[in-house]
Structure formats: structure tokens, C-alpha cells
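Have a look at the structure below before the remarks.
Protein chains in written order, with the working numbering: chain Y, 1 to 397; chain C, 1001 to 1397.
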């Protein structure tokens, strides 16, 4: 790693930003977009490399968009050479590829390819955290269909089958109630074609929690413990602080910090936990990037997850993660129709004091697709949640 | 104006934003940049038309930059046809040109060419407001050098000479102490070559105040009265709320609203006032756009001047201008050296809770050039001001 150039010189000093500095994003969606806004605020340039031909949010926000494949080391290296540092907005790029691009270009990548290799595969991810004593949901790699029966016998039915790479928002993950279903889903997920499949015990949790942690190479910063509300495997709302006992929030924050130390990378990582009726906190998943569960932080915290991600990968001092108001609710605005995107909202939404509308600028709306979000701040979590839901329930998008 | 297309349909409904909607900026500097960030947050596209060949902040933030002359009606019309609405970031474009572009393209421009014609020339500006009973600084148009003597006799020496168009940050404006100086400056400003020159009485003010007002075609919204601190004719800091009696702040807000009604345009306008030792409030200047005196509102108010400018020109409901904390200080970061821009700051600046750094991304730093700003929030205006100055005094940029 001695030949890595880029932000090294000012990262060392951590207090100089030259005007021509460029962050390269692998990916051009809403996470890159919201991060780019923070980079722009600091006078930093942004470029993006995307594998999609259709227009994504970043296409309208930078003149420097490159289209290519995420397995094309040569093209990605050329892109990296035009940037001072690279970062990611998803987990779908192979850590070997990232490693090669970093080596060939001399441009550092955060999250580091090394840390990425610890979590890019869900089986390896669980092993990485488990080894460090962080409780995870019981799991087993399923090599053949006979393992399905064994897992069911050991942990009971139903349980969850997941492909070990590439899943998000419920895709690549299904709950199975009996052996017949399990075999069917195992085959559907590609298990019989060599795809790594993971079985996870079904956790009867009462809350799903999430904690963001940032690391800039020198200091860690932990965000408030928030609560993600899911419907059909998609996060529909985030409630901050989580409506669980303080001791549980503190425990989740402690575990998140430990897990971040396992990864040891610059950047921001979101850690998702199950809180069970028996008082356990189990690490479910990690996302080595700004994450939907942290969108509330744009207005809800002094320094958002996006700004601290930018600071972290640049090696700059991190900003306070303190809440700006006692209660914060973020509602995901999911596509309500399949059409060319357009948002139709009521006027209350726009004039609500302490309400903030974010639209991602995607061109195509699809039912259930994340098209934007709405954040409402206030004093009381229950009334803020109620009000935020009522303001957003009639949005057409 | 019946043939004006663009955002008409959704402005009428004021609750629909289509994904392909584009705001065109005439100008590509930091005001366009900070406004564009708010447009991006709402999923709106941004294009810019600039008369500068060198790179400006917007060059890095949009793939849609057009370079041309601000008197080239044809080129500006073509640009306008690619946009749904146009807006401005300076006062240097002729209202006749804007009117022609609006007519030819069918794309509405806010501030409207009509309102613009009332203030583009400092003499006409003063007449417009004076006619509506808003007290302005005593002034007179200087047609020939003999008028210089007459004005001095009437209002005393020193007084201020200004060219009626194109001045900003002290450029095009000088204080003269006697007739010899006055004649010299009159000639220097082009008075003997047909340039319109304005004489203004020297106001012995104790504070300079500013108030932003937004109008979306249906409702007005007035911001807090802030105080601008000047050094060598350049604003170095903005203190909000202004450190003057409440009755004075209210009066300034009232006058600003009246002045906005004189202009009657959608958009945001900043009004600057002198507060005199005898308790008078005199309107000094207006700026029909987001203005330096309102940068504090990005973090200091629930809805920033930039966001409400975007909302206003789109005809959307305006957001609350309420202060987020009792005290807010904005420090302008002026170039300290002539060099390729790079910012060198201390780590306290980045980790200060409630402190927010904005860098505009200009490539060339010049001594005194506005390169960025720093906003600090808190409870007590005096300690926040002191702390903000101490944090920023050693920045090299």
C-alpha cells in the first residue's frame, strides 16, 4: 500500500483541501447524490462511475460520469486515476477488483478493499463479526439441499434463506416454512447452480435497530441508535431515537463500535440489529457506506452521515453526531406507480415547520422503488411519527 | 405574458414536480451553486449560462453549462428553451434583454424582467422605493460636474459617488471629501463619458441591517433581521438576530416587506438598510436573488434563502424562516493569498459543534475574494461571534 497517492498529503495534515480535489463514486444513485451534495458544500469535485446506461441521480449533478462494468479493472483504473479518492455506494463490487484498481491506480478506496472483503459475502461477514465476539443471528452455509433439513431441525421453522451476495431490500432473501419451500427457494436463489446460500434462524424480534459509525483513520464517531420500520422487507420509516430502553440503545451503539473496529476502514458504516423479546441484540447486517437508516441525520443531526462519510474518507476531523431536536422521523417515499417520475404532494408537506422533503431525481418511478424521503423533527417521537405519516400518506410518486 | 410556458401547469397546482424539470441559472458562481444544491435536494435539474470562460463553481456541479454573452439574446433564448424556468444570480443583465429572452423562449424568468427594470439602475431603484413611501438615503443623479458642488452644499461632505449600474462589494462606489476628489472620482467612474452617476448623502449609521423576503406568487415570507458587518466595503460577517432594539428589527422587516411588494416578483430579495443614531431606518440597496447576508440561513433557519428561492420561483409553498437556534454568526472567508485555491484550516474549525464550513470551489484565490463562509450557531450572540471569529482568523485560502 506504499504506492497509494491521492489525498495522502493532506490527509496527513488533515486540514488542507485543494480546489481541484476529486472524489470518485462507484455508483451514481441517491447515496452518491446525497454524499456529493456534501462534497460540493466543501468545494470538492465529484465524479461517478456507473454500470447503468439509464440516467441516475448523479447524471444531473456532475459533468464527470463514466459508464462501464464493475468487473472491468482497466476502465475502473482509468476512472480512479482521474480521482484523488474513491468510494462506494453499494456492496456488489468484488473486493479483488477493488484491490486491483487501488493497486493499479494508486488511488485509495474507502471502504478499503481489505475491509470490504470481510463483509462482501454474508457468510464471511457473519464469521468476521462472530470471531470478534459480536452476537449475530444463528446461521449456516447451505451447500446442498440436505443441509436445509438439518438447519430446520436445529433452529426450527420457519427460517430465512439468503444468497450470500447481492441482496438488498428483501431481494435475494426469503422466509421458508417447510422443507419443500426451502428446496424450492434454494433452487430459485441459485443454490443448485453454485451460488452460495445462507440459512438464518428466524428471529422473533420486537424492533430492528440501526447505528452508524464513522472512522477517519484516527477517531471513531457513533450516531444515535435509531429504529427502522420495515414493511415487506423494505424500510418504510426510521424513528430516532429508537423506542427501546436506553440500556438497549447504548448496547447497540457499543456493538456497532466494536463491529466498526473489526472492519477498521475509513468511511461510514451502518450496522443493523435485531432486538429480541428476551433482551438480546443480534447484529443482522452491515452496510459499508451511507445507508437509508441514516438519512434522518441530514436534518436530524448536527453533522449528517453523508458529511461525515466525506470527512472520514478524506481523513478530516469528524463533526458532531448530536441530535438537533429530541425526535426525528424519516419516511421513505416509495414509488406508488410505474411511470415517468413525478411527485405530487399536498401543500401541508411543504409548509410544515421542521419538515424536509428530499427527492432523488430518478426518472422512472416503479411501485416500491425508493424515490425520495421526508424528514420531520420535533419534541415528541410519537406525535412526530404520526404527523410524518399523515403528511406523506397521500403522496403520489 | 400569456405565451409563457414552463412551470405554469404545476405552479398552478403548486404540488407537482416532474422529474425532468430544469432550472436555468444566468450566472455560475456561488449563489447559483448554493441554490442548485437545494434544487438537487428536490430532484430538480440545473443548467447554467455563464459569460466567464474560466471555471466557476457550477462547472463542477452540472453537465449543462453554456458559455455566452449576457447581451446575446439569441444564445440566451436557446438556453432558456432548454429550461422550464430561469433565474439570476446578479444584477448585471439588462432588463430589456431579459424581457426579450422571456418573450422569445416562452420560459418565465424570476425575478421578472419587469421587477428587474425597477432596480437594475441605482437611480431608478431609489425612485421606485421612494415613490412608495419607503425612506431611502438622500441621493441625486449627477449629470455634470457642477451637480457635485450643489450636492455637497446640500448634504455636506463627505458623500458617496456611485455608478448607477454594475457596482458590488465597494467596486464602482467611492466616498469623496471635497469637490476636487468628487470631480476626479466622477471622471474615474465614467461620468464624463455618459455613465449615469449617483451621489448619495454619507449616512452616519451605527449598524447595517439586512432582511430577506420571499414571494411565490401567492404568499410573502420575511426572514429575521440580521446585521451585516463590513470592512473596506466588503461584508465580513453577518450576525443574526441583529444587535439592535426589537422595534428596529420589526421596522426593518416591515419596510423590507413593503419594498418586496413594490417589486412584486417571485423569488427571494435581500434588502439592506442603514440604522442611524437618530433611530432612522433607510433602505440602502436591494439584491433580487439569494444574497450574502442570507447565507446564515442554510443552517440558521428551518428553510434557507436558497431553498425558498427555489420554492418561490417554482410557485411552491414557502418553508418556515424561523431561526433554528437563538444566535447565528456567518463569517465570510475571503481569499488571503493570490494563488490556486486551497483551504488550510485548523482542526477546531471542523470539530466545533454547530459549526458549518462552506467552500465555494473557486479555482483561483485572490486576496479579498469571497471563497467560502463559516456559520456558527449557539445561544448567545456575543460569545458565538467571538468564537466564530477566533475559529476562522487563521484560515489560509
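Idealized CB from N, CA, C, for every residue including glycine.
All figures in this text were calculated on a predicted structure; none of them were measured in a lab.
Alpha carbon of residue i to alpha carbon of residue j, nearest angstrom
{"i": "residue 1018 of chain C", "j": "residue 1382 of chain C", "result": "45 angstroms"}
{"i": "residue 362 of chain Y", "j": "residue 29 of chain Y", "result": "8 angstroms"}
{"i": "residue 1293 of chain C", "j": "residue 1396 of chain C", "result": "22 angstroms"}
{"i": "residue 1044 of chain C", "j": "residue 1023 of chain C", "result": "7 angstroms"}
{"i": "residue 1275 of chain C", "j": "residue 1311 of chain C", "result": "31 angstroms"}
{"i": "residue 1226 of chain C", "j": "residue 133 of chain Y", "result": "54 angstroms"}
{"i": "residue 1316 of chain C", "j": "residue 1016 of chain C", "result": "9 angstroms"}
{"i": "residue 109 of chain Y", "j": "residue 39 of chain Y", "result": "16 angstroms"}
{"i": "residue 142 of chain Y", "j": "residue 154 of chain Y", "result": "13 angstroms"}
{"i": "residue 1204 of chain C", "j": "residue 1178 of chain C", "result": "17 angstroms"}
{"i": "residue 1116 of chain C", "j": "residue 330 of chain Y", "result": "40 angstroms"}
{"i": "residue 399 of chain Y", "j": "residue 364 of chain Y", "result": "Outside the shown range of chain Y (1 to 397) lies residue 399 of chain Y, about which nothing can therefore be said."}
{"i": "residue 79 of chain Y", "j": "residue 61 of chain Y", "result": "17 angstroms"}
{"i": "residue 65 of chain Y", "j": "residue 51 of chain Y", "result": "11 angstroms"}
{"i": "residue 234 of chain Y", "j": "residue 1053 of chain C", "result": "47 angstroms"}
{"i": "residue 245 of chain Y", "j": "residue 129 of chain Y", "result": "24 angstroms"}
{"i": "residue 152 of chain Y", "j": "residue 257 of chain Y", "result": "33 angstroms"}
{"i": "residue 1183 of chain C", "j": "residue 305 of chain Y", "result": "58 angstroms"}
{"i": "residue 1391 of chain C", "j": "residue 1344 of chain C", "result": "12 angstroms"}
{"i": "residue 340 of chain Y", "j": "residue 1164 of chain C", "result": "48 angstroms"}
8 angstroms contact criterion, which residue i and residue j should meet: CB distance rounded
{"i": "residue 1267 of chain C", "j": "residue 1087 of chain C", "result": "7 angstroms"}
{"i": "residue 213 of chain Y", "j": "residue 271 of chain Y", "result": "7 angstroms"}
{"i": "residue 1202 of chain C", "j": "residue 1158 of chain C", "result": "5 angstroms"}
{"i": "residue 31 of chain Y", "j": "residue 290 of chain Y", "result": "5 angstroms"}
{"i": "residue 237 of chain Y", "j": "residue 332 of chain Y", "result": "7 angstroms"}
{"i": "residue 400 of chain Y", "j": "residue 162 of chain Y", "result": "For chain Y, the structure presents residues 1 to 397; residue 400 of chain Y sits outside this window and is missing."}
{"i": "residue 1350 of chain C", "j": "residue 1360 of chain C", "result": "Rounded, the Cβ-Cβ distance is 17 angstroms, inconsistent with contact."}
{"i": "residue 299 of chain Y", "j": "residue 375 of chain Y", "result": "5 angstroms"}
Proximity test, Cβ basis, 8 angstroms: residue i and chain Y
{"i": "residue 1017 of chain C", "result": "yes"}
{"i": "residue 1041 of chain C", "result": "yes"}
{"i": "residue 1159 of chain C", "result": "no"}
{"i": "residue 1268 of chain C", "result": "no"}
{"i": "residue 1011 of chain C", "result": "Caution is warranted here: a pLDDT of 47 is assigned to residue 1011 of chain C, below 50, making its placement in the model unreliable, and the coordinate value is therefore given only provisionally. It does not: the Cβ of residue 1011 of chain C has no partner Cβ on chain Y nearer than 8 angstroms."}
{"i": "residue 1379 of chain C", "result": "no"}
Cβ-Cβ distance between residue i and residue j below 8 angstroms
{"i": "residue 280 of chain Y", "j": "residue 138 of chain Y", "result": "no"}
{"i": "residue 209 of chain Y", "j": "residue 252 of chain Y", "result": "yes"}
{"i": "residue 1379 of chain C", "j": "residue 1337 of chain C", "result": "no"}
{"i": "residue 301 of chain Y", "j": "residue 377 of chain Y", "result": "no"}
{"i": "residue 118 of chain Y", "j": "residue 323 of chain Y", "result": "no"}
{"i": "residue 1058 of chain C", "j": "residue 1068 of chain C", "result": "no"}
{"i": "residue 215 of chain Y", "j": "residue 260 of chain Y", "result": "yes"}
{"i": "residue 334 of chain Y", "j": "residue 355 of chain Y", "result": "no"}
{"i": "residue 1104 of chain C", "j": "residue 1113 of chain C", "result": "no"}
{"i": "residue 1120 of chain C", "j": "residue 1091 of chain C", "result": "yes"}
{"i": "residue 1146 of chain C", "j": "residue 1221 of chain C", "result": "no"}
{"i": "residue 21 of chain Y", "j": "residue 46 of chain Y", "result": "no"}
{"i": "residue 37 of chain Y", "j": "residue 1037 of chain C", "result": "yes"}
{"i": "residue 1150 of chain C", "j": "residue 1200 of chain C", "result": "no"}
{"i": "residue 1042 of chain C", "j": "residue 357 of chain Y", "result": "yes"}
Cutoff 8 angstroms: residue i Cβ touching any chain C Cβ
{"i": "residue 353 of chain Y", "result": "yes"}
{"i": "residue 222 of chain Y", "result": "no"}
{"i": "residue 6 of chain Y", "result": "Confidence at residue 6 of chain Y is low in this model, with a pLDDT of 45, below 50, so the placement of that residue should be treated as unreliable; the coordinate-derived value is given next. Closer than 8 angstroms: no."}
Near the ligand ADP: residue i beta-carbon under 7 angstroms from a heavy atom
{"i": "residue 1250 of chain C", "result": "Although the ligand ADP was asked about, the structure shown includes no ligands whatsoever."}
Chain-ordered residues of the segment 1355-1372 of chain C with a beta carbon less than 9 angstroms from chain Y:
1355, 1356, 1357, 1358, 1359, 1360, 1361, 1362, 1363, 1364, 1365, 1371, 1372
Listed from N- to C-terminal order along the chain, which residues in the segment 310-323 of chain Y have their beta-carbon within a distance smaller than 8 angstroms of any beta-carbon of chain C?
311, 316, 317, 318, 319, 320, 322
If you measure beta-carbon to beta-carbon, which residues of the segment 326-351 of chain Y are closer than 9 angstroms to chain C?
340, 341, 342, 343, 344, 345, 346, 347, 348, 349, 350, 351
Select from the segment 1057-1073 of chain C all residues with a C-beta closer than 9 angstroms to any C-beta belonging to chain Y, and list them in chain order.
1057, 1059, 1060, 1061, 1062, 1063, 1064, 1065
Selection of the segment 206-217 of chain Y by Cβ proximity to chain C, strictly under 9 angstroms:
none
To be precise: take each residue of the segment 1130-1150 of chain C, compare its Cβ to all Cβ atoms of chain Y, and keep it if any distance is under 9 angstroms. Which residues remain?
none
Members of the segment 278-310 of chain Y that neighbour chain C once the beta carbon cut-off is set at 7 angstroms
302
Taking Cβ-Cβ distances below 8 angstroms as the criterion, which residues of the segment 1020-1050 of chain C are in contact with chain Y?
1020, 1033, 1037, 1040, 1041, 1042, 1043, 1044, 1045, 1046
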